[in-house]
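Numbering (my numbering), first residue to last: 21 to 509.
Encoded structure:
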């Protein structure tokens with residue numbers, strides 16, 4: 021990259037040579053520049069002999085030109101044309117012959133969100149010219165009074181080599197590509213990554229900062245006046261590319277002033293692991309197999325602000341749903357709250373903390389009515405979605421991911437919004453006077469599912485690359501974009 025930039029400058033100089041007053045000095049600078057390039061080439065693991073030969077020929081031409089520039093009898097015009105031609109040939113030779121080693125850096129912060137980057141990382145492993153590092157970064161959990169330092173590097177999957185952030189010098193390494201799943205910088209109110217990893221600082225050390233949202237975008241086409249916090253953040257200007265789950269999100273992003281060339285509608289890498297989990301056996305947490313065997317399994321998914329927004333109504337809903345194993349004795353409920361649920365309660369509704377901790381502790385201890393309820397706080401949600409017969413959920417990443425399974429959904433609402441890409445008749449509803457949720461619980465155990473056909477193939481009609489290839493396509497598209505940017509210098 022540095023060589024091509026220097027060559028471009030030298031070419032521009034020779035194209036505009038007549039405009040310079042101190043021509044001899046400028047030509048000397050160009051010769052010095054070629055010497056710098058020669059030294060760079062000699063440091064390559066596989067020294068490109070042909071390229072060095074072209075470089076030496078070019079240096080001779082410029083040397084001859086320097087000697088004869090003020091000699092009116094010399095054919096300086098022919099020499100100048102030869103120099104310009106040879107500069108272009110050298111540039112092409114460098115592009116084709118120098119082996120590029122691409123440095124890629126992944127900067128996740130929460131282990132539970134690593135699945136948004138994992139399949140991109142695995143694609144880098146298949147590229148022999150790529151060196152990738154996974155560096156989980158520290159963050160603060162925010163309360164109303166203080167910032168609590170957190171680090172989750174020890175919670176990542178065992179097959180992912182982790183580099184501690186203290187051992188990776190980003191200023192020295194200057195990675196070609198950085199993938200992040202958090203661009204909120206100092207605008208997040210629940211968690212906040214350390215300032216040195218804010219997008220404004222990362223952008224100083226890379227040519228390609230890529231934002232891969234850790235959530236799966238809802239399947240609702242955004243309205244013209246709809247507010248999207250990610251698109252309106254000032255930090256968006258620091259990002260070179262944004263990965264969108266589908267084309268239906270592109271128009272809204274452009275409306276918020278994001279240039280279309282920044283937007284890549286390639287899907288969500290989270291789906292890659294889900295596709296694999298559907299096809300293969302998934303290792304279940306200890307105790308699950310015995311508890312769920314030959315039973316109807318319900319998974320309750322609640323968002324991080326579920327209990328914070330309209331808490332008394334949500335406590336009533338939660339209390340009702342925790343009674344599912346009582347309504348149908350041959351059923352099990354797995355409750356999977358968002359990993360930031362407790363943090364959101366501490367931050368916004370501390371009066372609920374005692375209730376939440378008592379409830380979750382009683383469920384974990386299998387006290388009383390909670391014997392057929394599993395509290396799922398595992399890093400991965402794949403075991404829960406794999407064993408689920410029915411998902412009970414509001415909008416959120418788990419619901420959007422669950423579409424891939426084509427299994428039953430009870431939506432925590434009365435209906436889907438008008439602009440939903442999922443038809444209303446694909447889901448069952450918690451609030452439905454004609455078929456209330458408790459009536460559905462009694463029916464589902466018998467195999468009842470008149471909406472099954474409507475859910476077939478829904479994901480592929482909404483999201484891009486739902487066949488397990490999203491991470492690979494994201495990596496190679498970003499790599500190609502970077503190479504075009506460098507080669508076009």
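Don't be surprised by glycine CBs; every beta carbon is placed ideally from N, CA and C.
First through last residue of the alpha helix (DSSP H) which encompasses residue i
i	result
residue 46	43-62
residue 422	417-422
residue 100	96-117
residue 23	22-35
residue 190	190-193
residue 347	344-347
Start and end residues, beta strand (DSSP E) containing residue i
i	result
residue 167	167-170
residue 152	150-154
residue 142	Segment 138-145 is the alpha helix (DSSP H) holding residue 142; no beta strand (DSSP E) there.
residue 80	From DSSP, residue 80 is part of no beta strand (DSSP E) but of the alpha helix (DSSP H) over 69-88.
residue 123	122-127
residue 213	211-213
residue 253	Counting along the chain, residue 253 falls outside any beta strand (DSSP E), and DSSP gives it neither H nor E.
residue 161	159-162
Cβ separation of residue i and residue j, assumed to be a contact under 8 Å, to the nearest whole Å
i	j	result
residue 354	residue 298	With 8 Å as the limit, residue 354 and residue 298 do not qualify as a contact, their Cβ atoms being about 17 Å apart.
residue 289	residue 399	That belief does not hold up - the Cβ atoms of residue 289 and residue 399 are roughly 16 Å apart, past 8 Å.
residue 239	residue 482	5 Å
residue 211	residue 160	7 Å
residue 266	residue 280	Residue 266 to residue 280, Cβ: 15 Å. No contact.
residue 196	residue 124	7 Å
residue 312	residue 461	Not really, about 16 Å apart at Cβ, beyond 8 Å.
residue 105	residue 27	In fact, because the Cβ distance is near 13 Å, the residues do not count as touching under 8 Å.
Alpha carbon of residue i to alpha carbon of residue j, nearest angstrom
i	j	result
residue 345	residue 292	32 Å
residue 251	residue 500	25 Å
residue 129	residue 119	32 Å
residue 64	residue 255	37 Å
residue 333	residue 365	15 Å
residue 476	residue 426	6 Å
residue 485	residue 294	12 Å
residue 450	residue 351	18 Å
residue 470	residue 183	50 Å
residue 11	residue 72	Nothing in the structure corresponds to residue 11, since the chain is present only between 21 and 509.
residue 194	residue 43	35 Å
residue 62	residue 188	27 Å
residue 13	residue 38	What is shown of the chain runs 21 to 509, which leaves residue 13 out entirely.
residue 136	residue 115	33 Å
residue 157	residue 287	25 Å
residue 163	residue 363	7 Å
Contact with chain B by residue i, beta-carbon distance below 8 Å
i	result
residue 33	Considering every chain present, this structure includes no chain B. It has just one protein chain.
Within the segment 268-342, ranges of the alpha helix (DSSP H) (whole runs, at least 4 residues): 270-275, 290-299, 308-312 and 331-341
In the segment 356-390, which residue ranges form an unbroken alpha helix (DSSP H) of at least 4 residues, counting only runs that do not cross its ends? 361-368 and 373-384
I want to know whether the segment 197-216 touches the segment 253-268 - three or more CB-CB distances under 8 Å. yes
In chain order, which continuous runs of the alpha helix (DSSP H) of length 4 or greater are located wholly inside the segment 472-496? 478-482
Enumerated in chain order, which unbroken segments of the beta strand (DSSP E) with a length of 3 residues or greater are wholly contained in the segment 399-473? 410-413 and 428-431
Within 8 Å, do at least three Cβ pairs link the segment 313-321 to the segment 405-414? yes
At least 3 beta-carbon pairs within less than 8 Å: the segment 98-107 vs the segment 141-150: no
Check whether the segment 271-279 and the segment 361-379 are in contact - that is, three or more C-beta pairs closer than 8 Å. no
Could you say if the segment 74-89 and the segment 46-58 meet the contact criterion of at least three C-beta pairs nearer than 8 Å? yes
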